[in-house]
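Its first residue numbered 240, the sequence shown is counted upward by one per residue in my numbering.
Think of the CB as a built atom: it goes at the ideal place given N, C-alpha and C, for glycine as much as any other residue.
Heads up: the structure comes next, in structure tokens.
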Amino acid sequence: DFQAPTLIGMGTVTGIGSAMTGTGGPLIFVPMAVWLRIPALGAIGLSQAVQLPVALLATIGNMMYGDVDWTISSILAGAIVVGTALGARVAHIVPKKQLSKVLACVLVLVGLFIACRLALSSSIL
């Protein structure tokens with residue numbers, strides 16, 4: 240069981256981090272959850288649950304400060320719904336140890352991708 244200050248801290252970091260990066264929440268939340276020893280399937284499930292309010296508020300913010308392409312957004316949203324449903328089924332079928340390994344690999348790859356983009360963008364400037 241987690242205390243309220245821990246949960247509030249995780250929520251705050253997830254909200255600020257995802258608003259600043261456009262990641263939608265899970266990219267920020269899942270590493271924290273795994274670090275706090277939440278099982279991979281639980282971390283993934285929680286990240287999906289917290290994604291909706293983060294995405295909703297980020298969309299409202301983008302509407303206030305910019306524009307949103309509703310055609311692209313609708314196509315992506317539909318694909319995400321289908322992908323999420325399929326992914327949830329697969330996540331419950333795959334053995335927990337394998338799921339943890341896949342999750343770790345994805346997190347490392349995303350971290351490397353971000354580091355490479357930062358390195359390339361700073362070397363150009």
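Sorting Val320, Ala316, Asn301, Thr260 by C-alpha distance to the C-alpha of Leu357 places Thr260 at the top.
Per DSSP, Leu275 lies in no alpha helix (DSSP H) and is assigned neither H nor E. Going by C-alpha positions, Val320 is about 15 Å away from Ser286.
Under the DSSP assignment, Gly317 falls in the alpha helix (DSSP H) whose first and last residues are 309-332.
Here the alpha carbon of Met303 sits roughly 42 Å from the alpha carbon of Gln337.
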